[in-house]
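In our numbering, the protein residues as written are 827 to 1118.
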């Protein structure tokens, strides 16, 4: 493989999953702190082996700092920088910079802690050398981890997408004929009514849902005040409209194919450029549904 700046740039722009659940973020932060503690206990570098008093407590401080910094970065920054941490736009470059930011801040805080906790036993380093040492140790494992994670996730989601595409094609033969479907709003003041084959997809928009449908040679849309749950109840008799995400229904008859990348799987529809996401939970349900 020939590496060039163009290839590297394209690789950095590839989609990559950001850790979504609070449970996973908390667990990873704690585990990293535990790893630092166990690593320092086991190998005792930087003069740690010569500490006589409160060695384990001092070493624990490095682990606690690591966990606290990661918790702040995982929870505080995404809360205030929602555009930057948009999960739908997260890629390898952002993941790499986020990890690098964690390394730099953890290095700085541990350097300050090293100054405070030092009784003359620990080796002293300048801030620059302390950060440089930490980055040099962590940078290459980080790159390899991202590289192999992206490849494995891409293969996993792409294989899943191929199975879904094949299953959907077979399922199309079983779906309802061109029946009329009516979706009434929660307030009963407005509704959508039309041939079910005309519907492309339905998207949640807060307390409303937007129905996208084919009309002549264009795409129309109808905004209705209704929750996705109530839509699901109203269309349960039709097997044409399938929920693929907590915020989306798609019309199986209008699915062109399913694609996958390291971040997720998504559905390509006829007549629209929009890629409808497939969430992990619904992806498992769809796999079971279309493999029957």
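Ideal placement from N, C-alpha and C gives every residue a C-beta, glycine not left out. All values derive from a computational prediction rather than experimental measurement.
Supposed close pair residue 1026, residue 1001 - CB separation, criterion 8 Å: Taking 8 Å as the upper bound for CB-CB distance, residue 1026 and residue 1001 are not in contact here, some 15 Å apart.
Can you list, in chain order, the residues of its chain whose CB lies under 6 Å from that of residue 1013, leaving out five sequence neighbours each side? 1051
Use the C-beta contact count for residue 937: other C-beta atoms within 10 angstroms, 16 or more gives buried, fewer gives exposed. With 16 or more Cβ atoms within 10 Å of its Cβ, residue 937 is classed as buried.
Please confirm if the segment 959-974 is in contact with the segment 915-930, defined as three or more CB-CB distances below 8 Å between the two stretches. Because the criterion of three Cβ pairs below 8 Å is met, the segment 959-974 and the segment 915-930 touch.
State whether the segment 969-978 contacts the segment 1059-1072, with contact taken as three or more CB pairs (one from each stretch) at a distance under 8 Å. Contact fails: fewer than three Cβ-Cβ distances are below 8 Å.
Take residue 863 as the anchor and find which of 854, 878, 852, 883 has the nearest alpha-carbon. 883
Top-ranked residue by Cα proximity to residue 1054, from 860, 1074, 959: Comparing Cα-Cα distances from residue 1054 to each of 860, 1074, 959, the minimum goes to 1074.
Please name the residue or residues paired with residue 1044 in a DSSP beta bridge. 1041
Would the segment 1086-1102 and the segment 978-996 be scored as touching if the rule is three or more Cβ pairs under 8 Å? The segment 1086-1102, when compared against the segment 978-996, does touch it at the 8 Å Cβ threshold.
Which one of 832, 838, 887, 1079 has the shortest CA to CA distance from residue 932? Comparing C-alpha distances from residue 932 to each of 832, 838, 887, 1079 shows the shortest one belongs to 887.
Rounded to whole angstroms, what's the CA-CA distance from residue 1021 to residue 1077? Just pull it up for me. 12 Å
Which residue from 898, 865, 1060, 837 puts its Cα closest to that of residue 920? Comparing Cα-Cα distances from residue 920 to each of 898, 865, 1060, 837, the minimum goes to 837.
Excluding five sequence neighbours on each side, which residues of the same chain lie with their C-beta closer than 6 Å to the C-beta of residue 827? For residue 827, the predicted model reports a pLDDT of 48, less than 50, meaning its position is unreliable; a value from the coordinates is still stated below. Closer than 6 Å at the Cβ level, and outside the excluded window around residue 827, lies no residue.
State buried or exposed for residue 869, treating a residue as buried only when at least 16 other CB atoms are found within 10 Å of its CB. exposed
Tell me whether residue 1021 sits in a helix, a strand or coil according to DSSP, three-state version. strand
So, residue 1037 versus residue 1048, is the Cβ gap smaller than 8 Å? yes
Give the range of the alpha helix (DSSP H) segment to which residue 1056 is assigned. 1054-1060
With respect to the beta strand (DSSP E) encompassing residue 1093, which residues constitute its N-terminal and C-terminal limits? 1091-1095
Using only the alpha-carbon positions, how far apart do residue 839 and residue 912 sit? 14 Å
List the endpoints of the continuous beta strand (DSSP E) containing residue 1082. Start and end: 1081-1086.
Does the segment 891-907 come close enough to the segment 850-867 that 3 or more CB-CB pairs lie under 8 Å? yes
Just confirm the distance between the C-beta atoms of residue 1096 and residue 1080, as a whole number of angstroms; I'd bet it's less than 8 Å. 5 Å
Under 8 Å between the Cβ atoms of residue 858 and residue 893? yes
What span of residues does the beta strand (DSSP E) with residue 892 cover, start to end? No beta strand (DSSP E) holds residue 892; the alpha helix (DSSP H) holding it covers 881-906.
In angstroms with no decimal places, state the Cα-to-Cα distance between residue 991 and residue 844. Spanning the alpha carbons of residue 991 and residue 844 requires a straight line of approximately 25 Å.
Could you please give the first and the last residue of the uninterrupted beta strand (DSSP E) stretch that includes residue 1069? 1067-1071
Can you tell me where the alpha helix (DSSP H) holding residue 930 begins and where it ends? 918-943
Candidates 968, 847, 934, of which the one nearest residue 952 by Cα: Cα-wise, what sits closest to residue 952 is 934.
Who pairs with residue 1104 in a beta bridge, going by DSSP? 1091
From residue 831 to residue 1058, what distance separates their C-alpha atoms? 48 Å
Start-to-end residues for the alpha helix (DSSP H) that takes in residue 833: Looking at the DSSP string, the run of the alpha helix (DSSP H) that includes residue 833 is 831-838.
Near residue 1028, which residues of its chain fall below 6 Å by C-beta distance, leaving aside the five closest residues on each side in sequence? 1035, 1037, 1075
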